[in-house]
Amino acid sequence: SQQGEEDPQALSIQEGENATMNCSYKTSINNLQWYRQNSGRGLVHLILIRSNEREKHSGRLRVTLDTSKKSSSLLITASRAADTASYFCATDAGGGSEKLVFGKGMKLTVNP
Amino acid sequence: GAVVSQHPSWVICKSGTSVKIECRSLDFQATTMFWYRQFPKQSLMLMATSNEGSKATYEQGVEKDKFLINHASLTLSTLTVTSAHPEDSSFYICSARSVNEKLFFGSGTQLSVL
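If you're matching them up, the sequences are chains A and B in order.
Each residue of the first sequence is one higher than the one before, counting from 10 in the numbering used here.
Each residue of the second sequence is one higher than the one before, counting from 17 in the numbering used here.
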């Protein structure tokens, strides 16, 4: 089955609220990354968390990683309409592979 | 910051024609580039890994004769969809790996085959 599955698949919130997206994976990883994609555009790297890290912050973003549960969460605080996009988690394929395995993605809509 | 330029951003072609998509790293050298395919509302699926000066490594199920990849220099990789058919219509995205192992993505190419 596919590694890196986000939950929920779609989320609609009001501006100012926090948005939490979860991602689960199935194999051992070296790191997990979160990306953002605006409709019809390429991906923008948001944050990378290594397997030996439990939490990481970047601006309004907070990422956690629980390797025992093979899960990660991305929290966007004080959301803005401009945060509307699809968000993907991605894990390295392991075994020294350069490849990234992307999750299904989660569509976030922030209503003004 | 590092920029990856992907061109064209949008192409419509007739069935049976070939389409070439370029992916350039503008201010860094990328020994490895990746090509992805994305269907509407779905995730990115890796098609192939492209290494400069060597043959691309294709993922299972991806036809190498259908999707020709050339990585002739450290800043340019091309994907050619040969004899395109409507089922090849998709969003194609490239990414380039910098020396510090960060991935930078192109803006994608929407291919529509009539």
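The beta-carbon is built from N, C-alpha and C at its ideal position, and this holds for glycine as well.
None of the values given here were measured: they were computed from a predicted structure.
Output yes or no for whether 8 Å exceeds the beta carbon distance between GLY122 of chain B and CYS39 of chain B.
-> The sequence position of residue 122 of chain B within the second sequence is 106, counting from 1. The sequence position of residue 39 of chain B within the second sequence is 23, counting from 1. The beta carbons of GLY122 of chain B and CYS39 of chain B sit closer together than 8 Å.
Output the boundary residues of the beta strand (DSSP E) element that contains ILE85 of chain B.
-> Here the question's residue 85 of chain B lines up with position 69 in the second sequence. Taken as a continuous stretch (DSSP letters only), the beta strand (DSSP E) holding ILE85 of chain B covers 83-89.
HIS54 of chain A, enclosing beta strand (DSSP E) - first and last residue | Working through the first sequence from its first residue, we reach residue 54 of chain A at position 45. For HIS54 of chain A, the uninterrupted beta strand (DSSP E) run begins and ends at 52-59, by DSSP.
With DSSP as the reference, please indicate the residues paired to ILE22 of chain A in a beta bridge.
-> Translated into positions along the first sequence, residue 22 of chain A becomes position 13. Beta-bridge pairing links ILE22 of chain A to A:VAL119.
Within its chain, find whatever has a CB closer than 6 Å to the CB of LYS36 of chain B; leave out the 5 residues flanking it on each side and keep chain order.
-> As a working note, residue 36 of chain B is residue 20 in the second sequence. Same-chain partners within the cutoff: THR94, THR96.
Nearest residue (CA-CA) to CYS110 of chain B, options B:SER41, B:GLY69, B:ILE28 = Here residue 110 of chain B corresponds to residue number 94 of the second sequence, with the count starting at 1. The residue with the shortest Cα to Cα distance from CYS110 of chain B is B:SER41.
Runs of alpha helix (DSSP H) lying entirely within the segment 28-82 of chain B, each at least 4 residues, in chain order = For secondary structure counted as the alpha helix (DSSP H) over 4 or more consecutive residues, the segment 28-82 of chain B holds no complete run.
Comparing the C-beta of ILE109 of chain B with each C-beta of chain A, is any distance below 8 Å?
-> The count along the second sequence starts at 1 and reaches residue 109 of chain B at position 93. Closer than 8 Å to some Cβ of chain A, the Cβ of ILE109 of chain B qualifies, so yes.
From ASP92 of chain A to MET115 of chain A, what does the alpha carbon distance come to, in whole angstroms?
-> For the purposes of this step, residue 92 of chain A is identified with residue 83 of the first sequence, where counting begins at 1. For the purposes of this step, residue 115 of chain A is identified with residue 106 of the first sequence, where counting begins at 1. Those two C-alpha atoms are separated by around 12 Å.
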